[in-house]
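Engineer:
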Amino acid sequence: MPHSTPSVIVVGGGAASVFVTVAVRERAAALGLPTPAITVVGNDAVVGLGLAYGRAEPHHRLNSPASAMSLSPAEPGGFLAYLDDVGWRDGDGSAASAGSFVPRQVFGHYLASAFQALLDDSASGVSFVRGDVVAVVEAEGRSTVTLADATELSADVVVLALGNPPPGRVTVPTAGVARTIDDPWARDALDGIRETDSVLLIGTGLTTIDIATSLARRHPGIVMTATSRRLLLPAVHLAAPVPPGPGLVSGDSLLAGDATPPLPELLRDFGRQLRAASAAGEPWQPVLDGVRPQIHTLWRGLGVADRKRFVAHVARRWDVHRHRMAQSVWVELSGLIDAGTLTLVSDVSGQEFDVAVNCTGPNSVAARGWSPLVDALLSAGSIVPDPTGLGFDADEAGALVSTAGAVSSRLFAVGAGLKGALWETVAVPEMRVVATRIAERVLPA
Ligand SMILES: Cc1cc2nc3c(=O)[nH]c(=O)nc-3n(C[C@H](O)[C@H](O)[C@H](O)COP(=O)(O)OP(=O)(O)OC[C@H]3O[C@@H](n4cnc5c(N)ncnc54)[C@H](O)[C@@H]3O)c2cc1C
52 MPHSTPSVIV
62 VGGGAASVFV
72 TVAVRERAAA
82 LGLPTPAITV
92 VGNDAVVGLG
102 LAYGRAEPHH
112 RLNSPASAMS
122 LSPAEPGGFL
132 AYLDDVGWRD
142 GDGSAASAGS
152 FVPRQVFGHY
162 LASAFQALLD
172 DSASGVSFVR
182 GDVVAVVEAE
192 GRSTVTLADA
202 TELSADVVVL
212 ALGNPPPGRV
222 TVPTAGVART
232 IDDPWARDAL
242 DGIRETDSVL
252 LIGTGLTTID
262 IATSLARRHP
272 GIVMTATSRR
282 LLLPAVHLAA
292 PVPPGPGLVS
302 GDSLLAGDAT
312 PPLPELLRDF
322 GRQLRAASAA
332 GEPWQPVLDG
342 VRPQIHTLWR
352 GLGVADRKRF
362 VAHVARRWDV
372 HRHRMAQSVW
382 VELSGLIDAG
392 TLTLVSDVSG
402 QEFDVAVNCT
412 GPNSVAARGW
422 SPLVDALLSA
432 GSIVPDPTGL
442 GFDADEAGAL
452 VSTAGAVSSR
462 LFAVGAGLKG
472 ALWETVAVPE
482 MRVVATRIAE
492 RVLPA
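First residue of the sequence shown: 52, per the working numbering; consecutive thereafter.
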């Protein structure tokens with residue numbers, strides 16, 4: 052393999068691994084370089100499913116429309132074409148359109164089949180090794196990846212695509228809980244819950260909606276309470292996609308080096324646009340969607356103090372408006388609320404429940420204790436948490452920063468690990484952007 056096409060190991064095996072694989076291959080092809088050797092190392096049997104798409108139940112829908120979910124930026128209709136190819140039909144018999152919210156399992160099959168096609172092609176240069184990666188060490192210009200069974204693999208570049216850790220420790224908001232399920236995404240997590248159990252769901256976000264609808268489908272007579280301080284539920288998508296608004300400031304001028312305005316100024320501009328939309332009788336969703344492509348630049352332009360302020364005071368409201376549920380999901384959820392199956396209560400102190408489920412969302416990828424690999428990299432100083440503690444310190448292309456402050460040219464992250472560095476990183480459109488940036492960094496023009 053000529054030196055001009057570095058080899059890549061992607062650690063993970065979930066959705067992001069497929070995005071990185073595709074982006075690196077497309078970049079090499081665009082530059083006329085030989086096909087790169089790409090090895091995905093993951094601990095699940097099938098690459099592409101991961102937590103979000105591998106453990107979803109059939110009724111769990113994507114929270115992004117089909118038009119946003121293609122693997123390749125060069126082929127924006129790729130997911131829709133796949134749905135057409137496999138003859139997917141929604142419950143009412145309709146074919147997929149740009150605004151369809153397709154089951155997460157179906158999206159997982161799309162990613163998995165795309166990766167499998169590469170594995171089946173002996174000339175693709177793509178391979179898969181199943182195992183748990185416990186160490187990544189750089190020496191003499193190569194990175195060595197060690198698996199739990201002591202297998203060693205080496206490559207020029209390693210990308211960490213580790214996905215979302217389980218939720219962090221939660222303070223159960225009432226003493227009257229008999230038992231707590233700490234990880235709602237663990238396989239069989241809900242199997243021990245009976246129809247007669249009174250269930251407390253801690254949190255009122257998208258995980259709560261998944262769990263509430265799953266439990267209600269399993270046990271139609273079940274009674275559930277969901278709790279959070281402000282009872283903010285995720286907003287609902289518009290019935291049909293509307294083009295995004297202009298955003299807050301010209302992305303071009305920011306990229307040209309202009310300073311990002313301080314957070315209060317950004318929020319004022321955002322508020323102004325929301326009020327103008329409301330006064331004109333127009334939806335607010337396009338205002339937010341217009342800001343989304345600018346988030347990485349804006350976030351990196353904010354000072355650490357402003358980033359922390361955003362996390363403390365704005366993030367929850369941002370999240371419920373940014374990560375929206377499909378209308379069909381809202382119909383099901385509001386049906387549960389109307390039927391008294393699910394009650395939303397901000398203060399459950401003094402109440403008694405048989406089971407509480409921690410639905411507070413994933414912990415920081417940079418937290419110690421969930422991944423031997425992350426612990427090892429933190430201890431070695433190869434990576435550090437970003438100043439907000441939400442993920443790893445990294446640059447805009449996901450290149451990881453060491454304790455010495457050096458930006459690596461060989462160790463990258465994608466997905467949840469970049470939350471602190473870029474803020475919006477877990478959803479498919481942002482993951483696709485970062486995968487492309489990694490490919491451009493690894494294979495410069
Ligand atoms: C429940 C849920 C629903 C979501 N729904 C949507 C949605 O509708 N739309 C959207 O855009 N985004 C959604 N997301 C965001 C989601 O994070 C991304 O879309 C995507 O699935 C993340 O891919 P990933 O590869 O980073 O993580 P994952 O797909 O979770 O994959 C990570 C994989 O890495 C493996 N792994 C971790 N450490 C190691 C190691 N040391 N060695 C080997 N393997 C390892 C894990 O076991 C896992 O298989 C959802 C997230 C969750 C949690």
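Where a beta carbon is used, it is the ideal one built from N, C-alpha and C, also for glycine.
Computed from a predicted model, the values in this text were never measured in an experiment.
1) Kindly examine ligand 1 and report whether one of its heavy atoms sits closer than 7 Å to the Cβ of A66.
2) Could you give the distance in angstroms between the alpha-carbon of R326 and the alpha-carbon of L318?
3) Can you list, in chain order, the residues of its chain with a C-beta nearer than 6 Å to that of L162? Leave out the 5 residues immediately preceding and following it.
4) Taking the beta strand (DSSP E) that D405 falls in, what are its first and last residues?
5) Grab the span of the beta strand (DSSP E) containing L498 for me, first residue to last.
6) Can you tell me whether M482 is helix, strand or coil according to DSSP?
7) D303: buried (16+ other C-beta within 10 angstroms of its C-beta) or exposed?
8) Can you look up A67 in the DSSP assignment and give me helix, strand or coil?
9) For the region 196-273, which segments carrying the alpha helix (DSSP H) assignment without a break, of at least 4 residues, lie completely within its bounds, in sequence order?
10) Counting C-beta neighbours from all protein chains within 10 Å, is the total for V250 16 or more, i.e. buried, or is it exposed?
11) Using the Cβ count rule (16 or more neighbours within 10 Å means buried), how would you classify P216?
12) Report whether the distance from the Cβ of F139 to the nearest heavy atom of ligand 1 is below 7 Å.
13) Under 7 Å from any heavy atom of ligand 1, does the C-beta of M275 make it?
14) Quick check on G256: buried or exposed, where buried means 16 or more other Cβ atoms within 10 Å of its Cβ?
15) How would you write the range of the beta strand (DSSP E) that T392 sits in, first residue to last?
16) Is it true that the CB of R280 sits closer than 8 Å to the CB of S397?
17) For ligand 1, is there any heavy atom lying closer than 7 Å to the beta carbon of W369?
18) So the beta strand (DSSP E) A190 belongs to, where does it begin and stop?
19) Based on Cα-Cα distance, which residue from G440, R461, T487, G64 lies nearest to V187?
20) Any heavy atom of ligand 1 within a distance shorter than 7 Å of the CB on A490?
21) Taking the alpha-carbon positions, what's the W381 to V458 distance?
22) Out of curiosity, what's the CA-to-CA distance linking S118 and F158?
23) Which whole runs of the beta strand (DSSP E) in the region 64-117 are 3 residues long or more, in chain order?
24) Below 8 Å between beta carbons: does that hold for D320 and L349?
25) Could you tell me whether any non-hydrogen atom of ligand 1 is closer than 7 Å to the CB of Y104?
26) Considering only residues of the same chain and omitting the five flanking positions on each side of D340, which have a CB-CB separation below 6 Å?
27) Counting Cβ pairs closer than 8 Å, one from the region 168-181 and one from the region 101-116, do we hit at least three?
28) Is any heavy atom in ligand 1 found nearer than 7 Å to the beta carbon of G150?
29) Per DSSP, what are the beta-bridge partners of M120 in this structure?
30) Run through DSSP, which three-state label would S151 get?
31) Would H160 be called buried (16 or more neighbouring beta carbons within 10 Å of its own) or exposed?
Structural biologist: Well, looking at it:
1) Here residue 66 is taken as the residue at index 15 of the sequence shown, counted from 1. Yes.
2) Within the sequence shown, numbered from 1, the residue matching residue 326 stands at position 275. Within the sequence shown, numbered from 1, the residue matching residue 318 stands at position 267. For R326 and L318, the gap between their C-alpha atoms comes out near 12 Å.
3) Within the sequence shown, the letter at position 111 stands for residue 162. A66, V69, G99.
4) Within the sequence shown, residue 405 is the residue found at index 354, counting from 1. Note, D405: beta strand (DSSP E), 403-409.
5) Here the chain has residues from 52 to 496 only, and residue 498 is not among them.
6) Residue numbering aside, residue 482 sits at position 431 when the sequence shown is read from its first letter. Note: M482 maps to helix in three-state DSSP.
7) For this step, residue 303 is matched to residue 252 along the sequence shown. Confidence at D303 is low in this model, with a pLDDT of 45, below 50, so its placement is unreliable and no value can be given for it.
8) As a first step, residue 67 is located in the sequence shown; it is residue number 16 there, counting from the start. Residue state, collapsed to three classes: helix.
9) Counting only runs of 4 or more residues that sit fully inside the region 196-273, the alpha helix (DSSP H) segments are 257-269, in chain order.
10) Within the sequence shown, numbered from 1, the residue matching residue 250 stands at position 199. The residue is buried, with at least 16 neighbouring Cβ atoms inside 10 Å.
11) As a working note, residue 216 is residue 165 in the sequence shown. Result: buried.
12) Position 88 of the sequence shown, counting from 1, holds the residue named residue 139. First, the amino acid is wrong: residue 139 is Trp here, not Phe. Because no heavy atom of ligand 1 lies under 7 Å away, the Cβ of W139 does not count as near it: no.
13) On the sequence shown, residue 275 is found 224 positions in, with the first residue counted as 1. No, since every heavy atom of ligand 1 falls outside the 7 Å radius drawn around the Cβ of M275.
14) One-based indexing of the sequence shown puts residue 256 at position 205. In this structure G256 is buried. Its beta-carbon is surrounded by 16 or more other beta-carbon atoms within 10 angstroms.
15) Reading the sequence shown from its first residue, position 341 is the one you call residue 392. Neither: T392 is in no beta strand (DSSP E) and is coded neither H nor E.
16) Position 346 of the sequence shown, counted from the first residue, corresponds to residue 397. Position 229 of the sequence shown, counted from the first residue, corresponds to residue 280. For S397 and R280, yes; Cβs fall inside 8 Å.
17) Translated into positions along the sequence shown, residue 369 becomes position 318. It does not: the Cβ of W369 is nowhere closer than 7 Å to a heavy atom of ligand 1.
18) On the sequence shown, position 139 is the one that residue 190 refers to. For A190, the enclosing beta strand (DSSP E) stretches over residues 184-190.
19) Mapped onto the sequence shown, residue 187 falls at position 136. Out of G440, R461, T487, G64, R461 has the C-alpha closest to the C-alpha of V187.
20) In the sequence shown, counting from the first residue as 1, residue 490 sits at position 439. Remark: the C-beta of A490 is outside contact range of ligand 1, defined as less than 7 Å to any heavy atom.
21) To locate residue 381, count along the sequence shown from 1; it is residue 330. To locate residue 458, count along the sequence shown from 1; it is residue 407. If I take the Cα positions, the gap works out to 43 Å.
22) Your numbering for residue 118 matches position 67 in the sequence shown. Your numbering for residue 158 matches position 107 in the sequence shown. Roughly 12 Å between the two C-alpha positions.
23) Complete beta strand (DSSP E) runs here, min 3: 89-93.
24) Locating residue 320 in the sequence shown gives position 269, counting from the first residue. Locating residue 349 in the sequence shown gives position 298, counting from the first residue. Contact: no.
25) Residue 104 sits at position 53 when you count from the first residue of the sequence shown. Inclusion of Y104 in the 7 Å shell around ligand 1 follows from its C-beta lying nearer than that to a non-hydrogen atom of the ligand.
26) The residue given as residue 340 occupies position 289 in the sequence shown. Excluding residues within five positions, the ones whose Cβ falls inside 6 Å are P295.
27) No, they do not touch.
28) Against the sequence shown, residue 150 aligns to sequence position 99. No; taking the cut-off as 7 Å, the Cβ of G150 has no heavy atom of ligand 1 nearer than that.
29) Taking the sequence shown and counting its residues from 1, one reaches residue 120 at position 69. Per DSSP, none; premise fails for M120.
30) For the purposes of this step, residue 151 is taken as residue 100 along the sequence shown, with counting starting at 1. Coil at S151, not helix or strand.
31) Locating residue 160 in the sequence shown gives position 109, counting from the first residue. With a threshold of 16 other beta carbon atoms within 10 Å, H160 meets it and is buried.
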